[in-house]
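Working notes, structure below.
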Amino acid sequence: TECEKEPGSLLWIFVMVGNIVRGMGETPIMPLGISYLEDFAKAENSPFYLACLHTATVIGPFLGLLLASFCAELFVDIGSVSADEITITATDARWVGAWWLGILICALLNLLVGIPFWFLPKSLVKEGETSEPEEASEKSLAQLQENDKNETKQTIHAEQWVIPFIQHQTNSWHYFLPDFIPFLKALFHNPVYMLFICITVLQFSAFDGMISFMPKYLEQQFGKSASDAIFLIGVYNLPVLCVGYFSGGLFMKKFKINIYQAANIAFWVSLLEYLLYFAAYWTVCDTSPVAGLTVSYQ
Numbered sequence: 062t063e064c065e066k067e068p069g070s071l072l073w074i075f076v077m078v079g080n081i082v083r084g085m086g087e088t089p090i091m092p093l094g095i096s097y098l099e100d101f102a103k104a105e106n107s108p109f110y111l112a113c114l115h116t117a118t119v120i121g122p123f124l125g126l127l128l129a130s131f132c133a134e135l136f137v138d139i140g141s142v143s144a145d146e147i148t149i150t151a152t153d154a155r156w157v158g159a160w161w162l163g164i165l166i167c168a169l170l171n172l173l174v175g176i177p178f179w180f181l182p183k184s185l186v187k188e189g190e191t192s193e194p195e196e197a198s199e200k201s202l203a204q205l206q207e208n209d210k211n212e213t214k215q216t217i218h219a220e221q222w223v224i225p226f227i228q229h230q231t232n233s234w235h236y237f238l239p240d241f242i243p244f245l246k247a248l249f250h251n252p253v254y255m256l257f258i259c260i261t262v263l264q265f266s267a268f269d270g271m272i273s274f275m276p277k278y279l280e281q282q283f284g285k286s287a288s289d290a291i292f293l294i295g296v297y298n299l300p301v302l303c304v305g306y307f308s309g310g311l312f313m314k315k316f317k318i319n320i321y322q323a324a325n326i327a328f329w330v331s332l333l334e335y336l337l338y339f340a341a342y343w344t345v346c347d348t349s350p351v352a353g354l355t356v357s358y359q
């Protein structure tokens with residue numbers, strides 16, 4: 062008998078490296094983008110702009126799920142295999158959609174969208190202020206930076222390391238590590254920051270769990286194809302998040318909600334959300350008959 066060689070490929074390494082590079086490019090958008098808005102927007106308009114930013118981060122996955130739903134309807138070897146030669150349908154468990162097509166389309170779009178970032182100015186005139194001559198503008202910018210430094214010193218305890226960290230930051234690890242480690246240690250000892258991190262981890266873990274396992278549940282429980290399951294998740298979940306982000310930003314802008322009031326609102330809304338999720342334990346569907354598990358083979 063001839064030895065059978067198990068199929069294998071190392072192409073998954075390219076996918077992994079691509080995701081790492083994508084994450085490196087996407088990560089600075091949120092912290093730097095939020096700082097960019099906070100520095101040059103009015104205090105009463107800042108929540109609305111942040112809501113628009115977070116709404117855009119939800120619209121992206123929504124469009125991505127629609128694109129994935131379309132690609133899942135196409136066979137993985139599209140272009141090299143004739144449609145007449147395919148004998149299975151999208152509802153078959155052996156069906157593999159054109160997952161790679163969505164990655165190529167999104168990569169091209171990311172490249173095109175990233176080009177305008179090269180033309181963003183280093184600084185802007187603060188919202189509500191009129192443009193001034195160049196010398197006066199530089200003087201205002203210096204005063205703005207000085208005010209930002211003074212405000213930073215008066216905030217949370219962890220930020221006492223930020224200014225030395227920025228002043229001494231160089232490309233040398235000799236200067237980087239002595240400043241970074243105390244800054245990180247002080248940040249981990251900040252209870253407000255750590256509580257916010259824990260809440261964020263819980264929220265994203267629940268959302269990622271739904272995105273990862275809900276499509277397969279819809280396929281097995283309701284007999285939906287992968288394309289239909291992805292489409293349903295995108296339509297029924299993400300638009301509601303967009304409405305929540307946008308309406309929350311408008312609410313804070315209109316009523317000028319401060320940080321303490323925003324924290325109270327977030328607590329009660331989150332509590333209501335968890336109670337509604339808890340009610341899902343009583344919405345149990347009938348188990349589909351599976352030969353050998355729930356019913357006998359006869």
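In the numbering used here, the protein residues as written are 62 to 359. For each residue, glycine too, the CB sits at the ideal point set by N, CA and C.
Contact annotation, leucine 293 with leucine 279: C-beta distance approximately 6 Å; criterion of less than 8 Å satisfied. The beta-carbon distance between tyrosine 110 and alanine 117, rounded to whole angstroms, is 11 Å. This is too long to meet the 8 Å contact definition. Annotated three-state conformation of valine 356 is strand, per DSSP. Assignment of beta-bridge partners to phenylalanine 136 by DSSP yields Gly158.
The Cβ atoms of phenylalanine 123 and glycine 295 lie closer than 8 Å to each other. Put simply, the backbone Cα of glycine 86 is about 53 Å away from that of serine 357. For the pair of segments examined, the stretch 131 to 141 was found to touch the stretch 158 to 173: the number of CB pairs separated by less than 8 Å reaches three.
Under the rule that a run must span 4 or more residues, the alpha helix (DSSP H) segments found entirely inside the stretch 65 to 97 read 73 to 87.
The stretch 285 to 292 and the stretch 138 to 157 touch, with no fewer than 3 CB-CB distances between them shorter than 8 Å. As summarised for the stretch 297 to 339, the continuous alpha helix (DSSP H) elements at least 4 residues long and confined to that stretch are 320 to 339, given in chain order. Around the CB of phenylalanine 328, fewer than 16 other CB atoms lie within 10 Å, so the residue is classed as exposed.
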